[in-house]
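To start, the structure under review is shown below, and the notes come after it.
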Amino acid sequence: MKYKIIRGFHDILPGQIERWHFIENTARQVFESYGFNELRIPVLESTDIYCTGIGDTTDIVEKEMYSFDDRDGSSLTLRPEGTAGVVRSFIENSFYKKTPVSKFYYMGPMFRHERPQKGRYRGFNQIGCEYFGSQSAAADAEIILMLWYFFQKIGFTDSVKIEINSIGDEESRENYKTALVNYLTPLKEGLCDQCNRKLGTNPLRILDCKNESCREITVNAPKITDYLSEASGVHFNKLIQILDDLSVPYNVNDKIVRGLDYYTETVFEFTTDKLGSQNAIAAGGRYNNLVEKMGGPPTPATGFALGLERIVLLHEQLSDKEFKFPTDVYIAWIGEDTFIPAMKIATELRNNGKSVYIEHESKSIKSQLKRANKLDAGYTLIIGEEELKSGRIIVRNMKKSSEESIGIEDTGSLLSYIN
RNA sequence: GUGGGUGUAGCUCAGCCUGGAUAGAGCACCUGGUUGUGGCCCAGGAGGUCGCCGGUUCAAGUCCGGUCAUCCACCCCA
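Each residue of the first sequence is one higher than the last, beginning at 69 in this note's numbering.
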């Protein structure tokens, strides 16, 4: 084969796309019902928005970005995530001047040069929401609630768990980092090489290391929740209170620290145990400093992104619901003279919103009916020389195997019969 | 980036261990049984550089090496 799709990328084929449409449409409908509007941002941005946005020392920026030089020498990057671009657009379009709060959702492809695996691709799709302008824990609660309802709506109720944590404001985090480093430094012999490196760069992420000896050491490490400033503690408690009052099930997990640098206060993940090691299907949190850091006015914000490939994978496991491209009517024609009249009927039906399938090669009636059956068409119209002469076509109900004769130009009767 | 599994028809896979002549099955596709009526059944047909490159051998789908892809785990993340 001469041309092949590049590594880590995938086509979404007819037969699969129907499920994608269902999930995407449900997401749109749910998110819009919560007042989020779609914002479409480009796939390509200048590299530095991701460096400042995501953080220079993160894996994404250090080794996973698809970056290249534009013709004028400036560095561009295929977006590895959506938040940085949305923040750029939020600032550039001065949304903070237009409305007290702004709520956006976006969907589309993201790119990260990782080792491909099930549920992890180099080109993958995310849907995300970003909520700017509210520092209330109620805003955090609402997006978690919204995600929860979304997952219920696509049938994930029993398969998804919510894990939440707080990593506090900057003051809390600095105090905690110091405490954590003080605790870990004497024990660093037992930590893996990577964690030893993280000790100097990003000690928080030692907490989610899966290495056994690291885990044993971190079990008794100081907990972030004990180091929250008063304001951060109040914020987190309020979030928990709201989730309790609204009966949203969750689990506080002090090991969730997130890999992107912009998070503050609330962080959360929606996880499943049905996808192997790719267990996070949605994740997010609050990022109160990012807008300012990227050159906008100080603006609190909260949001999340969900991974569509993983959700589709899980949905395939959970739902035996068939997703099939529908064919309402199949038109079988026999003899060259019948093609144009058949096409006229097809056009009429299509203009009335019907999905109509018609052959363009002359074929036996038998093979045409077989095709209609394969397409699962509700009705087959049959028009041959006899029908042309008599001016009445055959309308076959494929489920009941019954037939009706209807005038060739009587579209009204035809439509009411097949509806 | 590290370790392991897999790669044979459009799809799912058997054959590989223990090398041997035209490489198989099911599903899907086409034709016919029914001269103008689908599904079930029956008969027939078409479809394969056995991922790719090299090596061993009289002989390689089968053994060996490399490479690419994919899957699983690590890592990271959605």
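For every residue, glycine included, the Cβ atom is placed at its ideal position computed from N, Cα and C.
These figures come from a predicted structure and were not determined experimentally.
Return the CA-CA distance between residue i and residue j, expressed in angstroms with no decimal places.
i	j	result
Tyr295	Gly83	51 Å
Pro368	Asn356	4 Å
Asn174	Tyr331	The amino acid at residue 174 is misidentified as Asn; the sequence shows Tyr. Each residue's alpha carbon lies about 19 Å from the other.
Lys266	Gly258	14 Å
Asp261	Arg273	13 Å
Ile52	Leu252	There is no way to answer for residue 52, as the model of the chain reaches only from 69 to 487.
Gln385	Gly459	50 Å
Thr269	Val249	11 Å
Ser101	Glu198	15 Å
Asp444	Lys467	9 Å
Thr225	Ala289	33 Å
Ile211	Asp79	31 Å
Tyr164	Gln436	60 Å
Ser387	Tyr447	27 Å
Val228	Arg156	32 Å
Ile285	Glu238	25 Å
Lys131	Ala400	57 Å
Glu404	Gly480	26 Å
Phe172	Glu113	18 Å
Phe192	Pro365	32 Å
Ile486	Arg439	19 Å
Asp313	Ser240	27 Å
Thr334	Val302	12 Å
Is the separation between the beta-carbon of residue i and that of residue j shorter than 7 Å?
i	j	result
Asp276	Val325	yes
Thr370	Ala207	yes
Leu483	Asn419	no
Ala209	Ile310	yes
Lys221	Thr94	yes
Phe338	Gly353	no
Gly150	Gln97	no
Arg180	Gln346	no
Lys256	Asn243	no
Ala414	Leu307	no
Val316	Trp216	yes
Leu382	Lys412	no
Pro110	Met133	no
Arg190	Gly76	yes
Ile433	Ile402	yes
Glu471	Ile462	yes
Thr406	Gly344	no
Ala348	Gly196	no
Ser300	Gly236	yes
Asp138	Leu144	yes
Phe158	Phe200	yes
For residue i, report the span of its alpha helix (DSSP H) as first-last.
i	result
Pro409	Phe407 to Asn419
Leu358	Leu358 to Lys361
Ile310	Glu298 to Asp313
Glu92	Ile85 to Ser101
Ile324	Neither: Ile324 is in no alpha helix (DSSP H) and is coded neither H nor E.
Val154	Thr151 to Glu160
Gln262	Asp261 to Thr269
Ala445	Here Ala445 belongs to no alpha helix (DSSP H), and DSSP marks it neither H nor E.
Asn288	From DSSP, Asn288 is part of no alpha helix (DSSP H); its letter is neither H nor E.
Lys422	It is not in any alpha helix (DSSP H) - Lys422 carries neither H nor E in the DSSP assignment.
Phe163	Phe163 to Lys166
Residue i bridges to which residues according to DSSP?
i	result
Ile461	Ile474
Ala207	Its beta-bridge partners do not exist; DSSP assigns none.
Thr293	Note: Thr293 sits in no beta bridge, so no partner.
Lys389	Partner(s): none; Lys389 has no beta bridge.
Cys119	According to DSSP, Cys119 bridges with nothing at all.
Lys171	Tyr199
Thr145	Glu113 and Ser135
Val335	Asn233 and Gly353
Pro177	Asn193
Glu130	According to DSSP, Glu130 bridges with nothing at all.
Name the two residues that bound the continuous beta strand (DSSP E) containing residue i.
i	result
Arg354	Ala348 to Arg354
Ser435	Looking at the DSSP string, Ser435 is not in any beta strand (DSSP E); the run it does join, the alpha helix (DSSP H), is Ile433 to Lys442.
Ile73	Ile73 -> no beta strand (DSSP E), and no H or E assigned at all.
Asn487	Note, Asn487: premise wrong, no beta strand (DSSP E); not H, not E.
Thr246	Segment Glu238 to Leu252 is the alpha helix (DSSP H) holding Thr246; no beta strand (DSSP E) there.
Gly371	Ala369 to Gly375
Val397	Val397 to Trp401
Give a single yes or no on whether residue i has its beta carbon closer than 6 Å to a heavy atom of the ligand SAM.
i	result
Lys291	As presented, the structure is devoid of all ligands, the ligand SAM included, so that no description of it is given.
Are the stretch 421 to 440 and the stretch 396 to 407 touching, with three or more C-beta to C-beta distances below 8 Å? yes
Does the stretch 114 to 125 touch the stretch 168 to 187, meaning 3 or more C-beta pairs lie closer than 8 Å? no
Does the stretch 385 to 393 come close enough to the stretch 81 to 101 that 3 or more CB-CB pairs lie under 8 Å? yes
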